[in-house]
Amino acid sequence: MREKKQHTPLRISRGVWTVVVGMGLSLSSVFCSGIGYAETTPDMSEQMTALIDAVPTAKDKNKETDKEKKKKETPYERLLADASKEEKPVPIKDNDTIADLVATLQPLAPLSKEDAKTIAAWDSVVIAPLTKEDINIGGIYRGMSGKQLIARFGQPQKRQKKDRLVTWTYEQPNQSFHCELRMTRNGKEEDALVEAMTLTKGQDIDIGRKIHLNMPTEQLLCTFGVPHNVLRDVKANVYYIIYEQADTDLIFAVAERRIQRVAFMPARYPYHNEQAVTRREERVERDFSLMGYSLGDELVKRQYNMWKSKLHRGSYTVWLYGDYGVLVNAKGNVERIFLLTNSGYTSRGVTLGYRLSTVLALYGQPEFVVWGKKDEGVDVYYYHHPILSSAYLAIVIKRETQRVDDVIVTAMPLVRLQDQLARYGLP
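For the record, in the sequence shown the residue sitting at position 13 is 13 according to the UniProt record's numbering, with numbers rising by one throughout.
So this is what it looks like as structure tokens:
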């Protein structure tokens, strides 16, 4: 059994970026400018469309009977409707209690050899290990000289020198980027060495393995593999997906499920992660956290993302935020975290709507699988916590489309798998 590693959860605010970069490259001004503070929730994936269908107009509502309206309500609409009512505990039905008890006491069956072969056939995304040659933007690597940069992109439109660092800015109608170069002893800018580079515009510029700006996040993950680290700037509504090689970080800023900015720089906090996953089959504690919460945490209501609604289920309370929900026990401890939209990601970049092959490429084979009985039902892939015996990352796959229907971190196996609200811990 592995020793449990103690670490302090990372807390990032918009103001941190300027401090940690230090050498003049401010990610707060580079990555977040142009992205802005998202005031609206981005479009959801195909798998979540049924949960957020447009509400009928007032004219249409008048024509509908109560029975018809109830029939047309989606699970997500019913969830929000219940939350808007008077907050009174909902008694747990006897069959619910029995189902929960059975799920807790009855262990999941290990993956059989036959099931392992079936899943292996779906594991079709092959990702080569990263090399230092993959950490480049437009063919520019860290350590290249100013002469090589000029040979590739010509003279910069703007130069700015501070101490032993010089910033070259390139501004063209179809591309925009800047490079930080460190001066050498002879003091000539052409001999200075590239220390960092940030690309803000230019979809025709190759990044590493021919990734480009505005590409979907899923395509990035299927090309580069398991990220070294994934960070979330909650105020700017931006995720940072980091790959590290040869003491250099390649950082992708992702918003609205697409690559918006990219930069490389020397590996450093907070991008460098001492507990980074080295193999996809490896399980670490951060794999079992979601949206800043881990199992057993005391619920702390986020100031930057105030809860929208809450529901009671016996002694449990479900807090609903914009993109996710949290199930809390009577003691105020987190027992389940789940995504509601595809604007949130796991610690390896998975979200709603991803293909099963992408999940397998990032996590490998699950320890347990519970198969659905109908073609239109769902299967649940359980990834087991390395220390806690009853804790899981449950990725729910819709059988018909082979795409992610739910992402849930849970302290116990799920019950009534075909009922989406039941998977969240709701009646």
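For glycine and all other residues, C-beta sits at the position ideal for the given N, C-alpha and C.
Keep in mind that this is a model prediction, so the values were computed, not measured.
As a beta-bridge residue in DSSP terms, Gly325 pairs with Leu320, Phe338. Leaving aside the five residues that flank Arg280 on each side, the residues in its chain whose CB is nearer than 8 Å to its CB run, in chain order, Gly225, Val226, Ala361, Leu362, Tyr363, Gly364.
Along the region 108-156, the alpha helix (DSSP H) occurs as fully enclosed runs of 4 or more residues at 113-122, 146-153, listed in sequence order. With fewer than 16 other Cβ atoms inside 10 Å of its own Cβ, Arg268 counts as exposed. Counting other Cβ atoms within 10 Å of its Cβ, Ser347 reaches 16 or more and is therefore classed as buried. Under the three-state reduction of DSSP output, Leu299 falls in the coil class, being neither helix nor strand.
Within the DSSP bridge table, the entry for Trp168 names Arg159, Cys179 as partners. The beta-bridge partner set that DSSP reports for Pro173 is empty. Here DSSP, grouped into helix, strand and coil, assigns Ala361 to helix.
In the three-state reduction of the DSSP assignment, Arg423 falls in the helix class.
Contact annotation, Leu199 with Val262: C-beta distance approximately 5 Å; criterion of less than 8 Å satisfied. Taking 7 Å as the cut-off, the beta carbon of Met183 is found closer than this to the beta carbon of Arg164. In the three-state reduction of the DSSP assignment, Thr401 falls in the coil class, being assigned neither a helical nor a strand state. By the Cβ neighbour-count rule, Gly292 is buried, with 16 or more other Cβ atoms within 10 Å of its own.
Ranked by how close their Cα comes to the Cα of Ala109, the residues Leu417, Val369, Pro386 have Val369 in first place. Cβ atoms of Tyr424 and Gly325 come within 8 Å of each other, at about 6 Å. Straight-line measurement puts the Cα of Asp206 at about 7 Å from the Cα of Gly139.
Counted as a single uninterrupted DSSP element, the stretch harbouring Leu352 is not any beta strand (DSSP E), since DSSP gives it neither H nor E. Of all alpha-carbon atoms in Gln157, Lys113, His228, Gly146, the one lying nearest the alpha-carbon of Glu189 is that of Gly146. For the set Ile387, Lys201, Ile119, Val407, the Cα lying nearest the Cα of Ala394 is the one of Val407. With respect to the 7 Å criterion, Ser289 and Trp122 are not classified as neighbours on the basis of their beta carbons. For the options Lys132, Glu180, His212, Val277, the alpha carbon positioned closest to that of Val254 is the one of His212. By the Cβ neighbour-count rule, Asn214 is exposed, with fewer than 16 other Cβ atoms within 10 Å of its own. Within the same chain, and ignoring the five residues on either side of Ala192 in sequence, the residues whose Cβ sits closer than 8 Å to its Cβ are Ser145, Gly146, Val166, Leu181, Arg182, Met183, Thr184. Arg286 carries a helical assignment under DSSP once its states are collapsed to helix, strand and coil.
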